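Chains as they are written, first to last, in the numbering used here: chain P, 12 to 251; chain U, 18 to 227. Below: the structure, in C-alpha cells.
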Amino acid sequence: MAASRKVIACATVIEEILPLLPDGVTCEALDFGLHLTPDKLRKRLQEAIDAASADADTIILGYGLCSMAVVGLKATGCTLIVPRVDDCIALFLGSHAAHQEQLRQEPGTYYLTKGWIEVSDTPFAEYERLVERYGQAQADRMMALTLKNYTRLAFIDTGHYDQERYREYARRMARQFGLRYEEIPGSTALIQKMLYGPWDDDFVIARPGETISYADFKVTATAGCHSLAVLVEAYPYGGG
Amino acid sequence: MSKKLIKAIADMKEEEALRLVKEMVQSGAEPMAIMEAAREAMDIVGKRYEEGTYYLPELILAGEMLGRITEIIKPELTKMPEVKRRGKVVIGTVKGDIHDIGKNIVAFMLDANGFEVLDLGVDVPPQKFVQAIQEAQPQVVGLSGFLTLAFDTMKETVEAIKAAGLRDKVKIMIGGGQVNESIKEYTGADAYGRDAVAGVSLAKQWVGVK
Chain P
12 MAASRKVIAC ATVIEEILPL LPDGVTCEAL DFGLHLTPDK LRKRLQEAID AASADADTII
72 LGYGLCSMAV VGLKATGCTL IVPRVDDCIA LFLGSHAAHQ EQLRQEPGTY YLTKGWIEVS
132 DTPFAEYERL VERYGQAQAD RMMALTLKNY TRLAFIDTGH YDQERYREYA RRMARQFGLR
192 YEEIPGSTAL IQKMLYGPWD DDFVIARPGE TISYADFKVT ATAGCHSLAV LVEAYPYGGG
Chain U
18 MSKKLIKAIA DMKEEEALRL VKEMVQSGAE PMAIMEAARE AMDIVGKRYE EGTYYLPELI
78 LAGEMLGRIT EIIKPELTKM PEVKRRGKVV IGTVKGDIHD IGKNIVAFML DANGFEVLDL
138 GVDVPPQKFV QAIQEAQPQV VGLSGFLTLA FDTMKETVEA IKAAGLRDKV KIMIGGGQVN
198 ESIKEYTGAD AYGRDAVAGV SLAKQWVGVK
C-alpha cells in the first residue's frame with residue numbers, strides 16, 4: 012500500500028499549498044479565525060487529526076507553533092509533521108531564518124498576504140466594523156491606538172498571478188493608516204519541503220503516540236525525543 | 018456610580034468613564050474601589066473578546082482607559098498610608114516584539130498597587146534591561162511578549178542579566194501570550210503570570226507584601 016498523506020492547514024496558508032499539492036495527497040483547510048484562540052485551535056486540530064488518522068499514515072500540519080496551539084497534539088495511528096516555525100509568516104517567507112531577519116530589521120511590521128486579505132483579517136476590515144459600531148471619531152482613535160507601535164506594512168509577494176489587486180489594497184491600507192509600504196518577496200521553499208520532504212531539522216516530527224511539545228520547536232533546547240530520533244536516523248554514525 | 022463606571026468602560030465609552038472617575042474622586046470615593054470597578058470592567062471586556070463580540074481594538078482601548086483612570090486616581094492612591102511605595106519593578110516588552118497591551122495593564126496595576134514602575138517600552142534589547150536594573154536596582158523584573166518568538170528573547174534577556182552578575186538581585190516574571198510552565202523553564206525566569214492580577218501578586222509576594 013502506498014504511503015498516504017494528508018495536509019491539514021490554516022485557511023490563509025492553503026492558497027500557497029494548493030498549487031504545489033502532490034498528486035494523491037488530500038488537503039483540508041481549517042477556519043482562519045481559530046488562531047485568535049489557541050485552545051480552540053488546538054481542539055479543532057486534534058479533532059481533524061483524529062478524523063484523518065484512519066486513512067493517513069502521515070499528517071502534515073500547515074501551521075507553526077501558532078501561539079502554542081500545536082503543543083499537546085498527537086496522533087495515535089500516524090506520524091505528524093509540522094514546520095519548525097513560529098507562525099505562517101515564516102511559511103510565506105520560506106524559512107524561520109527569513110522571519111527572524113524581518114523581525115530583527117523592523118519588529119513593528121504588519122504583514123499582509125493574498126490569503127489574509129481574502130479572509131478579511133486586515134485593519135481595513137476592522138476599521139469598517141469600528142466605524143459602524145462606534146462612529147468615525149472613535150474608530151480613528153481605536154485604530155491609531157491599535158497600530159501605534161507599527162511603522163511598516165509589508166506585503167509578502169507570494170507570486171500569485173493575480174497579485175496586483177491585493178498589492179493595491181495593501182498600498183491603500185498603508186496610506187490610510189500612516190504606515191510605510193514595503194514589498195517582501197515570499198518563498199515557497201518551506202511549503203515545498205513540507206509537502207515533498209526531506210523532513211529535516213526544519214520540521215518537528217511526532218511519531219505515532221508521541222505528543223508535540225514546545226521543546227520540539229527549539230533546536231537549541233535539549234532535543235526532545237522525537238527530534239533526537241530523527242537526528243540519530245539522519246546521522247547514524249554519530250559525529251557532528 | 019461604580020456600576021455606571023463598569024458599564025461605561027465595558028461599552029467603550031471613554032469620555033463618560035473618565036468623567037465618572039473624576040466625579041467619584043471628587044465625591045470622596047475610595048481609590049481602590051474605583052480600581053476594583055475598572056478591573057471588573059476589564060473582565061467583562063475580556064469575556065466579550067473571548068465570545069467574539071469584541072476584537073483587539075476594544076481590548077486596546079480598554080487598556081488605554083485603564084491607564085488614564087490610573088493617572089486620575091494616582092494622586093489619591095499615594096495619599097493612602099498603606100500604599101507607600103512597596104518596591105520597584107522594571108518592566109518591558111522584549112526585543113523583537115512590539116505588543117504592549119498586556120504589559121501596559123500590568124504596569125498600571127502595579128502602579129496602582131503602590132509599586133514604582135519603570136516601563137522601558139517595547140522591543141527592548143537585553144542590554145537595556147541590564148542597564149535599567151543596574152541603575153534602578155529593582156526587586157522585580159517583568160518581561161513581556163506576545164509572539165512565541167519573544168520567548169527566545171526572554172531567554173536571552175535572562176541570560177544577559179545573569180552574565181551581568183545581577184541574577185541573584187532580582188526576581189524575574191514573564192507574561193504575555195501563551196506563557197506557561199514550560200516557557201518559564203525555557204526562559205529561566207522565576208515565575209510566569211497569565212494575567213495582570215497574577216503579575217501583581219507575584220510582585221507583592223517577592224517584596225514581602227501581604
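Note that beta-carbon positions come from the ideal geometry of N, C-alpha and C, so glycine has one too. Values in this document were obtained by computation on a predicted structure and should not be read as measured data.
First and last residue of the uninterrupted beta strand (DSSP E) at Val93 (chain P) = Segment 90 to 94, the beta strand (DSSP E) holding Val93 (chain P).
Is there at least one Cβ from chain P nearer than 8 Å to Glu173 (chain U)'s Cβ?
-> Judged by the 8 Å Cβ criterion, Glu173 (chain U) is not in contact with chain P.
Check whether the Cβ of Ile108 (chain U) lies closer than 8 Å to any Cβ atom in chain P.
-> No, Ile108 (chain U) does not count as interfacial toward chain P.
Have a look at P:Pro209, P:Pro118, P:Met79 and flag the residue whose alpha-carbon is nearest the alpha-carbon of Arg53 (chain P).
-> For the residues P:Pro209, P:Pro118, P:Met79, the minimum Cα distance to Arg53 (chain P) belongs to P:Met79.
Between the CA atoms of Leu104 (chain P) and Gly192 (chain U) - distance to the nearest angstrom | For Gly192 (chain U) and Leu104 (chain P), the gap between their C-alpha atoms comes out near 28 Å.
What span of residues does the alpha helix (DSSP H) with Met126 (chain U) cover, start to end?
-> Element bounds for Met126 (chain U): 118 to 129.
Please list the segments of the alpha helix (DSSP H) lying wholly inside the segment 52 to 98 of chain U, counting only runs of 4 or more residues, in order along the chain.
-> Runs found: 73 to 96.
Local conformation of Leu41 (chain P) per DSSP, three classes | For Leu41 (chain P), the three-state secondary structure derived from DSSP is strand.
Confirm, please, whether the CB-CB distance from Ile115 (chain U) to Pro118 (chain P) is below 8 Å.
-> Yes, these two residues count as a Cβ contact at 8 Å.
Spatial neighbours of Asp207 (chain U) within its chain, please: CB distance less than 6 Å, with the 5 preceding and 5 following residues excluded, ordered by chain position.
-> Here Asp207 (chain U) has Lys188, Ile189 as same chain residues with Cβ atoms under 6 Å from its own Cβ, once five neighbours each way along the sequence are excluded.
Proximal chain U residues relative to Met252 (chain P), where beta-carbon distance stays under 7 Å = It is not possible to answer for residue 252 (chain P), since the shown part of chain P is limited to 12 through 251.
Cutoff 8 Å; reference Leu22 (chain U); Cβ partners in own chain excluding five residues on either side = Taken in chain order, the residues that qualify are Ala34, Leu37, Val38, Met41, Ile51, Ala54, Ala55, Ala58.
Run of the beta strand (DSSP E) containing Tyr161 (chain P), from where it starts to where it stops = From DSSP, Tyr161 (chain P) is part of no beta strand (DSSP E); its letter is neither H nor E.
What residues in its chain sit with their C-beta under 6 Å from that of Ile86 (chain U), if we drop five residues either side in the sequence?
-> Excluding residues within five positions, the ones whose Cβ falls inside 6 Å are Val38, Ala55.
Gly73 (chain P) bridges to which residues according to DSSP?
-> Per DSSP, P:Ala20.
Apply the 10 Å Cβ neighbour rule to Lys20 (chain U) and answer buried if 16 or more other Cβ atoms are within range, or exposed otherwise.
-> Looking at its Cβ environment, which holds fewer than 16 other Cβ atoms inside 10 Å, Lys20 (chain U) is exposed.
Can you list, in chain order, the residues of the segment 196 to 212 of chain U whose Cβ is nearer than 8 Å to any Cβ on chain P?
-> Here the close residues are Asn197, Ser199, Ile200, Tyr203.
Where Pro209 (chain P) falls, given that 16 or more other Cβ within 10 Å makes a residue buried = With fewer than 16 Cβ atoms within 10 Å of its Cβ, Pro209 (chain P) is classed as exposed.
Closer than 9 Å by beta-carbon distance: list the chain U residues that pair up with Glu137 (chain P), in chain order.
-> Among the residues of chain U, those whose CB is under 9 Å from the CB of Glu137 (chain P) are Tyr72, Leu73, Pro74, following chain order.
Are the segment 124 to 142 of chain U and the segment 176 to 193 of chain P touching, with three or more C-beta to C-beta distances below 8 Å?
-> Segment contact: the segment 124 to 142 of chain U against the segment 176 to 193 of chain P, fewer than three CB-CB distances shorter than 8 Å; contact not assigned.
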